[in-house]
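Visitor: Questions regarding the structure given below will be posed in turn.
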Amino acid sequence: MGLVGVQENGKGEMALSLGNKSKYKRMDSELSDDFDDEASNHYNELERKKSIRKYVLACAIFASLNNVLLGYDVGVMSGAIIFIQEDLKISEVQEEVLVGILSIISLLGSLAGGRTSDIIGRKWTIAFAAVIFQIGAAIMTFAPSFQILMIGRVLAGVGIGFGVMIAPVYIAEISPTVDRGSLTSFPEIFINLGILLGYVSNYAFSGLSVHINWRVMLAVGILPSVFIGFALFIIPESPRWLVMQNRVEDARSVLLKTNENEKDVDERLSEIVAAAGMSNGEKNEEKAVWRELRSPSPPLRRMLITGFGIQCFQQITGIDATVYYSPEIFREAGIENNSKLLAATVAVGVTKTAFILIATFLVDRVGRKPLLYVSTIGMMVCLLTLSLTLGFLGHGQLGIALAVLCVCGNVAFFSVGMGPICWILTSEIFPLRLRAQASALGAVGNRVCSGLVAMSFLSLSRTITVGGTFLLFALLSALSVLFAYKCVPETKGKSLEQIELLFDNHNEWQGSEVEMGDSEHLVQKA
């Protein structure tokens, strides 16, 4: 019996052992299934985030296409004006007016753009801008006289005004907080790309006959606006504009497409609704927008000083003079051949485009203010050195080399800070109910200053010399450093609604702003 018992015990142990093995296999199988499900969910979530990033990136690119038109016009006119002057026999004053009128007239588009985008939406304002520019560009291409050329230039300016104003507003309103700075710098990237294309177009078509070459240069500018038609089938309307139209569910759908974390969508939507003044029935009680802008509260006044001021400083430091009249600057330094002049401008375009890409990488990592400090101080040094070079070194090889280096350095420092951050800040700092009109006001200041610089550069250069003119720009750049220190808050990592609250407490802003030492750290890091 004992033996049988042992046997039975043995069998029982074997049975138990076999049973445990079976149980372990089932547990392993369940753990494996759970792991596979978790891995699958994680993979799907990563794919969803990648898809959203690509979609938001595509929206930012398509919204920025109008800015290629502005950049192309700036770049191409610097070379085309040489041949227009020869073909149509225009005077120096007419040359200044032709170059600068686009910036002045574009303020009409910028002023109308805010109200237009509030009525028809951000998306369709982008399309409207492209149509107006195409008409103007076509008229310029076939213009038989200076007068007809000016009509096309005026229409193109209005279209550019619409496009320059609406692109950063639209991108800021659809972008996730973490990527907003880099995405909102896209319009500036595309302006620089347009400038480079304009320079390349000048060099490529300069060999054609004088009657044809400048017309081909201007006609090529129509092409970017054609792609905007395709963009309308891809980009959504701004969720913040949809909320202002009481289309809250449509806004939620757009936020789901543009935010990686679904849990944040409802929270973000609530912030937008509250900011729009709809949550407490405030919308109908708000003062008229323009009346509020004319009689601003202290926080709004600080926003207007920051937004309007930085737009003006972007232009009065002479960037458009450097870009529009770079052939004149290089001729003053000693380069006489037209082909060599245009080849030197291509180097300027390549530099400007390369450094705006660097800014896009850095703006959400190191912040707005450190880049502004590096940019404005660097511009001041380059402009001062260019002034001294043109004033004292004459037409030798050293003078030419230094002039090209200083112009390239100036556009590089501009592109790494002042260029993109100006538009980023303007699209970030204003309350939702005022954002379009206040951004339009800033764009008006930008375009007026741009036009005044472009229309006075040649006359001013004849009066105080080219070197003296750039000394003036260097002094204005020094003022822009002080402006950045006193009037610009750090907005990195904050939602649009949080930035609005930042201006309510000026003392807190001053206490938490980035100091000059941060820019020194950035330079050492670079």
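For the sequence shown, my numbering begins at 1381 and goes up steadily by one.
Note that beta-carbon positions come from the ideal geometry of N, C-alpha and C, so glycine has one too.
Measuring alpha carbon to alpha carbon, tell me which residue in T1731, E1647, D1644, F1853 is nearest I1699.
Guide: Out of T1731, E1647, D1644, F1853, F1853 has the C-alpha closest to the C-alpha of I1699.
Visitor: Reducing DSSP to helix, strand and coil, say where I1615 ends up.
Guide: The answer is coil: DSSP assigns I1615 none of H, G, I, E or B.
Visitor: Can you find at least 3 beta carbon pairs, one from the region 1754-1767 and one from the region 1715-1724, that sit closer than 8 Å?
Guide: Too few Cβ pairs lie closer than 8 Å, so no.
Visitor: The alpha helix (DSSP H) with T1733 in it runs from where to where?
Guide: That run of the alpha helix (DSSP H) goes 1718-1746.
Visitor: Is G1489 close to chain C, meaning its C-beta is less than 8 Å from at least one C-beta of that chain?
Guide: Included in the structure is just one protein chain, with no chain C present.
Visitor: Report the residue from Q1878, K1469, I1614, D1453 whose alpha carbon sits nearest the alpha carbon of E1517.
Guide: Contrary to the premise, residue 1517 reads as Ala rather than Glu in this sequence. With distances taken between Cα atoms, A1517 lies closest to D1453.
Visitor: With respect to the alpha helix (DSSP H) encompassing S1839, which residues constitute its N-terminal and C-terminal limits?
Guide: Start and end: 1812-1867.
Visitor: Using the Cα positions of M1530 and A1834, report the straight-line distance between them to the nearest angstrom.
Guide: In a straight line, the C-alpha of M1530 is about 15 Å away from that of A1834.
Visitor: Going by the beta-carbon positions, is the gap between S1458 and S1706 smaller than 8 Å?
Guide: The answer is yes: Cβ separation under 8 Å.
Visitor: Identify, in the order they occur along the chain, each residue of the same chain with its Cβ nearer than 7 Å to the Cβ of L1742, setting aside the five sequence neighbours on each side.
Guide: Excluding sequence neighbours, L1742 sits near L1751.
Visitor: In chain order, what residues of the same chain lie with their CB nearer than 6 Å to the CB of R1620, ignoring the 5 residues before and after it?
Guide: Here the set comprises E1553, I1652, L1812.
Visitor: In terms of residue numbering, what span does the alpha helix (DSSP H) encompassing D1453 cover?
Guide: 1445-1468 is the span of the alpha helix (DSSP H), which, as asked, contains D1453.
Visitor: Out of K1874, L1855, W1594, which has the shortest C-alpha to C-alpha gap to R1748?
Guide: Closest option to R1748, Cα to Cα, is K1874.
Visitor: By alpha-carbon positions, which one of S1444, A1460, C1762, S1830 ends up nearest to Y1579?
Guide: When only C-alpha atoms are compared, the closest one is A1460.
Visitor: So, is W1912 buried or exposed, given that buried needs 16 or more other C-beta atoms within 10 angstroms?
Guide: This structure cannot settle anything about residue 1912, because the visible part of the chain is limited to 1381 through 1906.
Visitor: When burial is assigned at 16 or more other CB atoms within 10 Å of the CB, is I1551 buried or exposed?
Guide: Per the 10 Å Cβ criterion, buried.
Visitor: Nearest to W1594 by alpha carbon, out of K1434, E1466, N1626?
Guide: For W1594, the nearest C-alpha among the options comes from E1466.
Visitor: Please report the straight-line C-alpha distance between L1563 and G1455, rounded to a whole angstrom.
Guide: Spanning the two alpha carbons is a distance of roughly 23 Å.
Visitor: Between E1647 and V1634, is the Cβ-Cβ spacing less than 8 Å?
Guide: No; because the gap between Cβ atoms is not below 8 Å, this pair is not in contact.
Visitor: For E1476, which residues in the same chain have their Cβ closer than 8 Å to its Cβ, ignoring the five residues on either side in sequence?
Guide: Excluding sequence neighbours, E1476 sits near A1834, M1835, S1836, F1837, L1838, S1839.
Visitor: Take I1602 and list the residues in its own chain whose beta-carbon comes closer than 6 Å to its own, dropping the five residues that flank it on each side.
Guide: Result list for I1602: Q1514, A1517, in chain order.
Visitor: When the Cα of T1806 is compared with those of G1797, A1820, S1755, which residue comes out closest?
Guide: Closest by alpha carbon: A1820.
Visitor: On a CA-only basis, which of I1615, I1575, F1735, G1779 is nearest Y1704? Give me that one, please.
Guide: Nearest C-alpha to Y1704: I1575.
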